[in-house]
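Going line by line, the protein sequences match chains Y and P. Read in numbering that gives the first Met the number 0, the first sequence has 161 at position 162, and its numbers run on one by one without any break. Read in numbering that gives the first Met the number 0, the second sequence has 228 at position 229, and its numbers run on one by one without any break. Notes to accompany the following structure.
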Amino acid sequence: MGGFVSRGFRRRRRTTTDQATRLPPGQYVEPGFPVLSAGPTPRVDLKDWRFKVEGLVKTPREWTWEEIHDLRGSSFEGDIHCVTRWSKLGTSFAGVSVDTLLDAAEPRPEATHVVAFCYGGYTTNLPLDDVRGGKAWVVWDHEGAPLPPEHGGPARLLVPHLYFWKSAKWVAGLRLLDHDAPGFWESLGYHNHGDPWREERYWGD
Amino acid sequence: MGRLSWRLANVVEVRPETDRVVTLALEVPDWDGHLPGQHVDVRLTAEDGYRAERAYSIASSPDGGRIELAVERLEDGEVSPYLAGELRPGDQLELRGPVGGYFVWEPGRGGPLLLVAGGSGVAPLMAMVRYRAATGREVPARLLYSSRTVEDVIFRGELERLADAGDGLTVTHALTRAQPPGWAGYARRIDAVMLEEVGWRPGERPLIYVCGPTRLVEAVAGDLVALGHDPVRVKTERFGPTGVP
Chain Y
0 MGGFVSRGFR RRRRTTTDQA TRLPPGQYVE PGFPVLSAGP TPRVDLKDWR
50 FKVEGLVKTP REWTWEEIHD LRGSSFEGDI HCVTRWSKLG TSFAGVSVDT
100 LLDAAEPRPE ATHVVAFCYG GYTTNLPLDD VRGGKAWVVW DHEGAPLPPE
150 HGGPARLLVP HLYFWKSAKW VAGLRLLDHD APGFWESLGY HNHGDPWREE
200 RYWGD
Chain P
0 MGRLSWRLAN VVEVRPETDR VVTLALEVPD WDGHLPGQHV DVRLTAEDGY
50 RAERAYSIAS SPDGGRIELA VERLEDGEVS PYLAGELRPG DQLELRGPVG
100 GYFVWEPGRG GPLLLVAGGS GVAPLMAMVR YRAATGREVP ARLLYSSRTV
150 EDVIFRGELE RLADAGDGLT VTHALTRAQP PGWAGYARRI DAVMLEEVGW
200 RPGERPLIYV CGPTRLVEAV AGDLVALGHD PVRVKTERFG PTGVP
């Protein structure tokens, strides 16, 4: 629909050149950290918290809160992008690399996809290659403080190169599959992959 | 479902609801209809090609090729001051949708319904209330709606009329900042006591929809679960500068 101009509309937000190059199409800079979720925030007692890697792995693994903290830590500093159009630039998270968790469980060669499953029932699906190679984390700190429950605490998945609904809150584990299996939002009209730079927001995008 | 393509809607009416909120009535050519609770993406394009996109809940009941959006003007916003200040009948607006398949209700999904709104978060719930009035009256529904003052209550007159129809809808207001003389309703933020007084008992297994600012949604959803409602039957949505879902 090229050529349409909204009569009387002018830019009101100023973005620096640096911000502009970091913003995927259709996004705007949000200084805060908005909360989005489809239902009540689950409350998870750290004593009962577990993180599992299961499915097509040689050794299914399970970590308690203490055990996962004993793994080699890893942090992320960079930008995150929500499908509702806000992007938060230059933020940070700390936890453990998904590579560390997968290495411990040893994915079987036929594994091609993962489903992240969560306390509260949320799920999201990802190609295995999108969570390997330093691209994904399980995080429990945000900008130096424990991740608040409304932002996914105790721990959430962090996959910053995809829209943020893929960074599942209250994550409880990863299930490795030899096929794709659409998760919660992916079954409700949102894009199966969710690359913000290709503006993969909805089915068919 | 195919690709959601951008289309040009015609602005047919701009109706003030409160000092800060307007209803935009839009004719959308080839609109396939929507479910109450769904939203649309709106895209504005400036002369220099600059674009801004936001999501807005549809406030109207499914009704042919016409939809209505309730837009609250946020002074530091970029899109809402245009939609709720500049746009007038005869203008065109680029949009695509409907979007969203979770925070939706239609009579076939049953009830009873508990709808909890804060401020302009009432918009998607209004679509449900209107659709229920048009089609699904046998489903009992209760709307608990928090506003700052009585002047900030969006759809006040229409909600009164719908509740007065005596067809199983009750509307309860909570006014948090100021109350008119003789106000007999709630004069505080929505809390667990209020939810227990107004809402259904957990055993009645209501379907619950909560929409508003994050603080309200977090508190209400937490209270509902603590009261014994099944978390799976509590659906939440946030509104505001950060949009939906």
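Cβ coordinates follow ideal geometry from the N, Cα and C atoms, glycine included. These figures come from a predicted structure and were not determined experimentally.
Residue environment, residue i, which counts as buried when at least 16 other CB atoms sit within 10 Å
{"i": "V170 of chain Y", "result": "buried"}
{"i": "A154 of chain Y", "result": "buried"}
{"i": "T17 of chain P", "result": "buried"}
{"i": "T148 of chain P", "result": "exposed"}
{"i": "R187 of chain P", "result": "exposed"}
{"i": "P15 of chain P", "result": "exposed"}
{"i": "R108 of chain P", "result": "exposed"}
{"i": "H190 of chain Y", "result": "buried"}
{"i": "E109 of chain Y", "result": "exposed"}
{"i": "A140 of chain P", "result": "buried"}
{"i": "H68 of chain Y", "result": "exposed"}
{"i": "G188 of chain Y", "result": "buried"}
{"i": "R71 of chain Y", "result": "exposed"}
{"i": "K46 of chain Y", "result": "exposed"}
{"i": "A180 of chain Y", "result": "exposed"}
{"i": "D177 of chain Y", "result": "exposed"}
{"i": "G156 of chain P", "result": "exposed"}
{"i": "A133 of chain P", "result": "exposed"}
{"i": "R200 of chain Y", "result": "buried"}
{"i": "T235 of chain P", "result": "buried"}
{"i": "Y130 of chain P", "result": "buried"}
{"i": "G182 of chain Y", "result": "buried"}
{"i": "P195 of chain Y", "result": "buried"}
{"i": "V138 of chain P", "result": "buried"}
Which residues DSSP lists as bridging residue i, in chain order
{"i": "H172 of chain P", "result": "P:Y144"}
{"i": "W5 of chain P", "result": "W5 of chain P pairs with nothing; no bridge assigned."}
{"i": "Q91 of chain P", "result": "P:N9"}
{"i": "P15 of chain P", "result": "P:V21"}
{"i": "R188 of chain P", "result": "R188 of chain P is not bridged to any residue."}
{"i": "N124 of chain Y", "result": "Y:V114"}
{"i": "P111 of chain P", "result": "Partner(s): none; P111 of chain P has no beta bridge."}
{"i": "H141 of chain Y", "result": "Y:F92 and Y:A144"}
{"i": "F102 of chain P", "result": "According to DSSP, which records beta bridges pairwise, F102 of chain P is partnered with nothing at all."}
{"i": "C210 of chain P", "result": "P:A116 and P:E236"}
{"i": "R80 of chain Y", "result": "Position check: residue 80 of chain Y holds His in this sequence, whereas Arg was assumed. In DSSP, H80 of chain Y forms a bridge with Y:S86."}
{"i": "A51 of chain P", "result": "P:L43"}
C-beta contact flag for residue i and residue j at 7 Å
{"i": "P159 of chain Y", "j": "W85 of chain Y", "result": "no"}
{"i": "S56 of chain P", "j": "H38 of chain P", "result": "yes"}
{"i": "T40 of chain Y", "j": "E149 of chain Y", "result": "yes"}
{"i": "A37 of chain Y", "j": "C117 of chain Y", "result": "no"}
{"i": "E185 of chain Y", "j": "N124 of chain Y", "result": "yes"}
{"i": "C210 of chain P", "j": "G110 of chain P", "result": "no"}
{"i": "V11 of chain P", "j": "A24 of chain P", "result": "yes"}
{"i": "V219 of chain P", "j": "V115 of chain P", "result": "yes"}
{"i": "G94 of chain Y", "j": "V137 of chain Y", "result": "yes"}
{"i": "L113 of chain P", "j": "W199 of chain P", "result": "yes"}
{"i": "A3 of chain P", "j": "R95 of chain P", "result": "Inspection of the sequence shows that residue 3 of chain P is occupied by Leu rather than by Ala. Yes, the Cβ-Cβ distance between L3 of chain P and R95 of chain P is below 7 Å."}
{"i": "E198 of chain Y", "j": "G2 of chain Y", "result": "no"}
{"i": "V21 of chain P", "j": "R87 of chain P", "result": "no"}
{"i": "V97 of chain Y", "j": "L175 of chain Y", "result": "no"}
{"i": "A83 of chain P", "j": "R72 of chain P", "result": "yes"}
{"i": "W5 of chain P", "j": "E67 of chain P", "result": "no"}
{"i": "S145 of chain P", "j": "I207 of chain P", "result": "no"}
{"i": "R42 of chain Y", "j": "A104 of chain Y", "result": "no"}
Nearest-angstrom Cβ-Cβ length linking residue i and residue j, presumed shorter than 8 Å
{"i": "V103 of chain P", "j": "G36 of chain P", "result": "4 Å"}
{"i": "V113 of chain Y", "j": "L100 of chain Y", "result": "The pair is not a contact, with the Cβ atoms about 11 Å apart (cut-off 8 Å)."}
{"i": "A69 of chain P", "j": "A122 of chain P", "result": "4 Å"}
{"i": "P212 of chain P", "j": "G118 of chain P", "result": "7 Å"}
{"i": "L157 of chain Y", "j": "D129 of chain Y", "result": "12 Å between Cβ atoms; not a contact."}
{"i": "T44 of chain P", "j": "R50 of chain P", "result": "5 Å"}
{"i": "A177 of chain P", "j": "M193 of chain P", "result": "With 8 Å as the limit, A177 of chain P and M193 of chain P do not qualify as a contact, their Cβ atoms being about 18 Å apart."}
{"i": "L226 of chain P", "j": "P201 of chain P", "result": "6 Å"}
{"i": "L22 of chain Y", "j": "V28 of chain Y", "result": "7 Å"}
{"i": "F75 of chain Y", "j": "D140 of chain Y", "result": "With a Cβ gap of about 10 Å, F75 of chain Y and D140 of chain Y do not count as contacting."}
Amino acids of chain P, ordered along the chain, whose beta-carbon sits closer than 8 Å to that of residue i
{"i": "T40 of chain Y", "result": "E217, A220 and G221"}
{"i": "L187 of chain Y", "result": "G99, G100 and Y101"}
{"i": "E149 of chain Y", "result": "T213 and E217"}
{"i": "T211 of chain Y", "result": "Look at the range of chain Y in this structure, 0 to 204, and you will see that residue 211 of chain Y is not part of it."}
Chain-ordered neighbours of residue i on chain Y, where CB pairs are closer than 9 Å
{"i": "Y208 of chain P", "result": "Residues of chain Y passing the Cβ test: none, with the nearest at roughly 11 Å."}
{"i": "E85 of chain P", "result": "S5, R6, G7 and F8"}
Contact set between residue i and chain P, taken where Cβ atoms lie within less than 9 Å
{"i": "Y121 of chain Y", "result": "Neighbours of Y121 of chain Y on chain P: none; closest Cβ ~11 Å, over 9 Å."}
{"i": "Y118 of chain Y", "result": "Per Cβ cutoff of 9 Å: no residues; Y118 of chain Y is ~10 Å from chain P at best."}
Within chain Y, partners of residue i - CB distance below 7 Å
{"i": "P28 of chain P", "result": "Those do not exist, as P28 of chain P stays about 12 Å from chain Y at its closest Cβ, beyond 7 Å."}
{"i": "L43 of chain P", "result": "S5 and F8"}
{"i": "V224 of chain P", "result": "P39"}
Proximal residues of chain P, C-beta to C-beta of residue i below 7 Å
{"i": "Y201 of chain Y", "result": "L3 and V98"}
{"i": "D25 of chain Y", "result": "Rather than Asp, the amino acid found at residue 25 of chain Y in this sequence is Gly. What G25 of chain Y touches in chain P: E52."}
{"i": "D47 of chain Y", "result": "Those do not exist, as D47 of chain Y stays about 16 Å from chain P at its closest Cβ, beyond 7 Å."}
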